[in-house]
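>
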Amino acid sequence: MLAYKNNIEKIKSFFPDTKFIEYAGYENEELYETFFQFCQNDMVRNNLKLGDKEALFYYTPYSEVMAGAELRNNILLLAVNKGAIEELHLMFNGYHNVFQQNSELNNWFNNLANMLNVSIGSLMYQCSTVFLYRHELTHLIQKANFITQPEGNLEVTSLGINKKQIREMDADINATYLVCGQLISYFRTLDTEQKNIGNLEKLLTVGISSIYIYLLLYCKESIEIYFNQYSHPHPLLRLSYIVDHFVLFAEKNLDNQFKINSLMIVNNCLNKSEIFNLEILKSGIDDNISNTFANEKLNIKDHILALLNASFELPELEMNNNCP
Ligand SMILES: [Zn+2]
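With this note's numbering applied, the sequence shown corresponds to residues 4 to 327, in that order.
Printed below as a string of structure tokens:
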């Protein structure tokens, strides 16, 4: 077992100005400890991709649902805000009754919840936190492999594609694989007759919806569609390529026994996430988001393709650093 206090001792001695928390005695102590063990072990497993550098996980006292990754004095630091654990726990576990109370969510998810030995809320908490962590780990891999200097604020590829968005997409895709792998493990626990395409699509919808709901927490102000602007791709683009990679990964890992309908999953995620947000956050995201997706589908596809096609120009990406 790894010890969180060892990480804190090192951080205190190398970077005395760093703000951190120690969670012993917290109400949710077990959540912090379980997540620390999971993340720090995964960082150890990814040691080669991290350029053999020391990588330390810790929690900060901040309340925003955020995490961060940095390379300081040749040490890789991955920080998760206390707010990320507390808020995502409250949102998905604290209000898990929503899956019984709302008839549409109940009808849709209840059978699945009964088959799995885990509640839908805790599955969503797990998926969103694992995604948040693995996304940041990928930024550490990119930093460890960063061999060219940034060219200022607007970094673009030879064809004018926003490099920051490519790095974010790389982080999202790598995070997708870890979350999807966990969902497939759950799927494998089902009885033979329960291992059908309907349950697989529902399980993937639960995972992707939790990621999408988490991503939407960043854009409460405006969700108008954009393409090559800003550092992160628009949530609809992120949702779209996350679904595509979930589907590819799941089909391949289940020996191509199932043909998954990506578009149906996107639409179900948009629909179920909107209901969830209305129930929990008491506000919808945007009534028109499903329409926006339908109207912009081709432009969304084009920009994702442009990001993917330009990705070979960034050697630091995880997708370009596949160690054995
Ligand atoms: Zn990022």
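Glycine is no exception: its CB is placed at the ideal position from the N, C-alpha and C atoms.
For clarity, every value in this text was computed on a predicted model and none was experimentally measured.
Express the C-alpha separation of K275 and N110 in angstroms, rounding to a whole number.
About 11 Å.
> Of the choices T63, L91, N148, whose alpha-carbon is the least far from that of L317?
Nearest C-alpha to L317: N148.
> Ignore the nearest five residues each way along the sequence and tell me which others in L34's own chain have a CB closer than 8 Å to its CB.
Around L34: I88, H92.
> Hey, how far is the Cα of F249 from the Cα of R137?
So the two alpha carbons sit approximately 15 Å from each other.
> Apply the 10 Å Cβ neighbour rule to G210 and answer buried if 16 or more other Cβ atoms are within range, or exposed otherwise.
Classification of G210: buried, given that the 10 Å Cβ count is 16 or more.
> Between R170 and ligand 1, is there a pair consisting of the residue's CB and a ligand heavy atom that are separated by less than 8 Å?
Yes; taking the cut-off as 8 Å, the Cβ of R170 has a heavy atom of ligand 1 nearer than that.
> Rounded to whole angstroms, what is the Cα-Cα separation between E299 and G163?
Each residue's Cα considered, the two are about 21 Å apart.
> Check T63 in the structure and name its three-state DSSP category.
Three-state DSSP puts T63 in a strand.
> Could you spell out the range, first to last residue, of the alpha helix (DSSP H) harbouring I187?
Run containing I187: 166-191, per the alpha helix (DSSP H) assignment.
> Kindly examine ligand 1 and report whether one of its heavy atoms sits closer than 8 Å to the Cβ of A174.
Under cutoff, so the answer is yes.
> Closer than 8 Å: is that where the CB of H142 sits relative to any heavy atom of ligand 1?
Result yes, Cβ under 8 Å from ligand 1.
> Going along the chain, which unbroken runs of the beta strand (DSSP E) with 3 or more residues stay wholly within the region 24-99?
58-63, 70-75, 78-84, all fully within the region 24-99.
> For ligand 1, is there any heavy atom lying closer than 8 Å to the beta carbon of E158?
Answer for E158: no, Cβ out of range of ligand 1.
> Report the rounded CA-to-CA distance for E277 versus I283, giving the unit in angstroms.
E277 and I283: Cα-Cα distance of roughly 10 Å.
> Taking 8 Å as the line, does the beta carbon of H248 fall inside it for any heavy atom of ligand 1?
Because no heavy atom of ligand 1 lies under 8 Å away, the Cβ of H248 does not count as near it: no.
> Candidates Q104, N96, L308, N100: which alpha carbon is nearest T132's?
Answer by Cα proximity: N96.
> CB-CB under 6 Å to Y189, same chain, minus the five flanking residues each way: which ones, in chain order?
If we look at Y189 and ignore the five residues flanking it on each side, its Cβ neighbours are L119.
> Can you check which of these residues, A313, N323, Q103, E107, is closest to S161 by C-alpha distance?
Checking every option, the nearest Cα to that of S161 belongs to A313.
> Taking M127 as part of the alpha helix (DSSP H), name the residues at either end of that continuous run.
M127 -> alpha helix (DSSP H) spans 123-147.
> Which one of K22, E36, V47 has the shortest CA to CA distance from G28?
Nearest of K22, E36, V47 to G28, Cα basis: E36.
> According to the neighbour-count rule (16 or more other Cβ atoms, all chains shown, within 10 Å of its Cβ), is T192 buried or exposed?
T192 is exposed by the Cβ-count criterion.
> What is the rounded straight-line gap between the Cα of V101 and the Cα of L206?
So the two alpha carbons sit approximately 17 Å from each other.
> Taking three-plus beta-carbon pairs below 8 Å as touching, is the region 212-228 in contact with the region 237-251?
Contact holds: three or more Cβ-Cβ distances are below 8 Å.
> Would you kindly work out how many angstroms separate the C-alpha atoms of L320 and F39, rounded to a whole number?
Cα to Cα, L320 sits roughly 25 Å from F39.
> Can you tell me whether A297 is buried or exposed, with buried defined as 16 or more other CB within 10 angstroms of its CB?
Answer is exposed; the Cβ neighbour count stays below 16.
> Just mark E171 as buried or exposed, buried being the case when its beta carbon has 16 or more other beta carbons within 10 Å.
When all chains shown are included, E171 counts as buried.
> Express the C-alpha separation of A253 and C42 in angstroms, rounding to a whole number.
Going by the C-alpha atoms only, they are around 22 Å apart.
> How big is the Cα-Cα spacing for E32 and Y26?
When rounded, the distance between both Cα atoms is 6 Å.
> Can you list, in chain order, the residues of its chain with a C-beta nearer than 7 Å to that of I307? Leave out the 5 residues immediately preceding and following it.
The residues are L240, S243, Y244.
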